[in-house]
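Read through the structure below, which is laid out as structure tokens, and then see the notes.
There are 2 protein chains.
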Amino acid sequence: VTSEPMTDSAVPRPVATPKQLGVGMRFSLHPHCDRFVDVIEGALKEVTATGLADGLVISTDDVSTYVGAATEPAEQRLTSYVVAAVCAASSRSGGGHVVAHVLFSRGCPGEVSCDLAVTGLPAVAPVEVQLTGLRAVAQWSLYPLLDANPDDGSDAGAHMTHIEAAIAEARGRGTAAEPAHYATRLEGDVAEVLATAVDAWAKVGAVVPHVVTHLTVSVGSPSMVAS
Amino acid sequence: VTSEPMTDSAVPRPVATPKQLGVGMRFSLHPHCDRFVDVIEGALKEVTATGLADGLVISTDDVSTYVGAATEPAEQRLTSYVVAAVCAASSRSGGGHVVAHVLFSRGCPGEVSCDLAVTGLPAVAPVEVQLTGLRAVAQWSLYPLLDANPDDGSDAGAHMTHIEAAIAEARGRGTAAEPAHYATRLEGDVAEVLATAVDAWAKVGAVVPHVVTHLTVSVGSPSMVAS
């Protein structure tokens, strides 16, 4: 114990909470079948019934479902929820073709509010997922949106460095396949594919305040290329 | 005519071509019906047969279709193509529920190549679209990725300024409805909805080298909110 007063620079910046950062996702489920309404509604209800919606703020409109993660572990809750939703939709469509489009966002709670005053960014542990047995292919893009240090403008243009590091990590994990225009192809168990994107997004979020990632995840496609 | 030599600073920077900027899109069509393979393949073939694929580089894989616009007018070609593809898919599904997910990108030709040396950015005229009679709702996000001036690091954090201006412009056009988490809701004729996103993306692209925009566009949804 010391009685010396802490200098200003020694005071740790408070780490932003998931709620302050607006950690959440927006996703849409697309069962390619005539019974799509039953499949979507049934899948969302099923996931809620399992308790995976607990701690999340969920709101479905006519285009997609918003899921806000106001409480820790935010990234884990989001991942478990969306993996379960895709699996439930796949199962309810009899293993048919289902596509999910998922947007994960942090650092911009509203439509246009981007609070640059939040500078204590959390280091998030990788999410833990159980393999589902459901194989997916995806096209994934990562967008670090505030790539310059707001204090001094340094690191301008560093967003590509973050993206390259994220892709290298996904290659190491075994989910990243070949590059494509505007996206990286991911392949593997749907839980691993989604966790790859979540972990990369959260990792960049430890150094960049505003980060968004988009994935188009496909399961059960008749044209899925065998790997 | 003057015989005076031009100073270096008077030499205009060459304006980047669509090919140098990697202007293009990646989109997926999701007909929510059992006949989805016929609908997608038929729609893409139909659009090609009309000549709208001329001047574009098109490649379809098991997740989405890449469309590169190497020749002028690049944005107009992309818009006409994707509007026609959504309309063809809607028509072929008997006016059923079809969702298109569309990513427009400029400034990053490859997966991770982002050529910052390209500094002469083109001013693109708004695209011209004909109304289709097909009503759409969409959720739209705009990502200016290089928001700091690479020369001096100025304007760090300006990406929200560009986004706010784009949303204000969409409001003036009448397509932007209310804000949502992580997205802006657009409503109107599908051609106007897509043109709103394209024009905003190209406009930001006149000052920011690397800009991406994503839209989830829905037509024929049984849960579409009446406006």
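Quick mapping for you: the protein sequence lines, in order, are chains A and B.
Each residue of the first sequence is one higher than the one before, counting from 22 in my numbering.
Each residue of the second sequence is one higher than the one before, counting from 22 in my numbering.
Glycine is no exception: its CB is placed at the ideal position from the N, C-alpha and C atoms.
Residue-level contact to chain A via CB, residue i, 8 Å cutoff
i      : result
B/H235 : yes
B/H51  : yes
B/V133 : Reliability fails at B/V133, whose pLDDT of 49 lies under 50, so the model's placement of it is uncertain and the value that follows must be treated cautiously. Chain A, which has a Cβ nearer than 8 Å to the Cβ of B/V133, makes this yes.
B/A225 : At residue 225 of chain B the sequence reads Val, which differs from the Ala that was named. Chain A contact via Cβ: absent.
B/R47  : yes
B/C54  : yes
B/S248 : Confidence at B/S248 is low in this model, with a pLDDT of 39, below 50, so the placement of that residue should be treated as unreliable; the coordinate-derived value is given next. No - not a single Cβ of chain A is within 8 Å of the one on B/S248.
B/G76  : no
B/G89  : yes
B/A201 : yes
B/V123 : no
B/V120 : yes
B/L166 : yes
B/S101 : no
B/A239 : Strictly speaking, residue 239 of chain B in this sequence is Ser, with Ala absent from that position. B/S239 counts as touching chain A.
Own chain partners of residue i with C-beta closer than 7 Å, once the 5 adjacent residues on each side are dropped
i      : result
B/V84  : S49
B/H183 : P165, V225, V229
B/D173 : Confidence at B/D173 is low in this model, with a pLDDT of 46, below 50, so the placement of that residue should be treated as unreliable; the coordinate-derived value is given next. Correct list: empty, nothing qualifies.
B/K40  : A91
A/S242 : H118
B/L73  : S101, Y102, A105
A/I188 : A197, T205
Within-8 Å CB hit, residue i to chain B
i      : result
A/Q160 : yes
A/P39  : no
A/R194 : no
A/V104 : no
A/A64  : no
A/P243 : yes
A/D59  : no
A/H183 : no
A/S85  : yes
A/S111 : no
A/S126 : yes
Pair within 8 Å by beta-carbon distance, residue i and residue j
i      : j      : result
A/E67  : A/A109 : yes
B/R156 : B/V240 : yes
A/T234 : A/F125 : yes
B/T92  : B/G76  : yes
A/V148 : A/A216 : yes
B/A221 : B/L152 : no
A/A105 : A/V150 : no
B/V238 : B/A121 : yes
A/G89  : A/V103 : no
A/V158 : A/E208 : yes
Option in the options with minimal Cα separation from residue i
i      : options                       : result
A/R113 : A/V36, A/K40, A/A64, A/G193   : A/A64
B/G45  : B/P35, B/Q97, B/V36, B/V60    : B/Q97
A/A204 : A/T86, A/G76, A/L236, A/V211  : A/L236
A/L142 : A/S244, A/G43, A/S242         : A/G43
B/D210 : B/A197, B/H202, B/A201        : B/A197
B/V145 : B/P243, B/C54, B/V219, B/V104 : B/V219
B/A186 : B/A223, B/V158, B/H202        : B/A223
A/H202 : B/S80, B/A201, B/G154         : B/S80
B/S244 : A/D82, A/C129, A/T71, A/L73   : A/D82
A/G195 : A/S101, A/H180, A/V214        : A/V214
B/R47  : A/Q160, A/C129, A/L73         : A/Q160
B/G154 : B/V123, B/A70, B/M181, B/V107 : B/V107
A/C129 : B/C129, B/T100, B/L99, B/H180 : B/H180
Same chain only: Cβ atoms within 6 Å of residue i, ignoring 5 sequence neighbours per side
i      : result
B/P94  : none
A/V133 : With a pLDDT of only 49 at A/V133, under the threshold of 50, the placement of this residue in the model should not be trusted; the figure read from the coordinates follows. For A/V133, where only same-chain residues beyond five positions count, there are no Cβ hits under 6 Å.
A/V36  : G141, P143
A/E199 : R206
A/C54  : S114, G117
A/T38  : none
Contacting residues, own chain, Cβ-Cβ under 8 Å from residue i (five flanking each side not counted)
i      : result
B/P52  : V60, I61, A110, R113, S114, G117, H118, V119
B/L99  : V44, G45, M46, L77, V88, A90, F125, V219
A/A227 : L142, P143, A144, V145
Check: residue i C-beta below 7 Å from any heavy atom of the ligand ATP
i     : result
A/F57 : This structure lacks the ligand ATP, and indeed carries no ligand of any kind.
**Q.** Selection of the segment 141-156 of chain A by Cβ proximity to chain B, strictly under 8 Å
**A.** Residues passing the 8 Å Cβ filter: none.
Q: Note down, in chain order, all residues in the segment 203-232 of chain A with a beta-carbon under 7 Å from any beta-carbon belonging to chain B.
A: The segment 203-232 of chain A vs chain B, Cβ under 7 Å: Y203, A204, T205.
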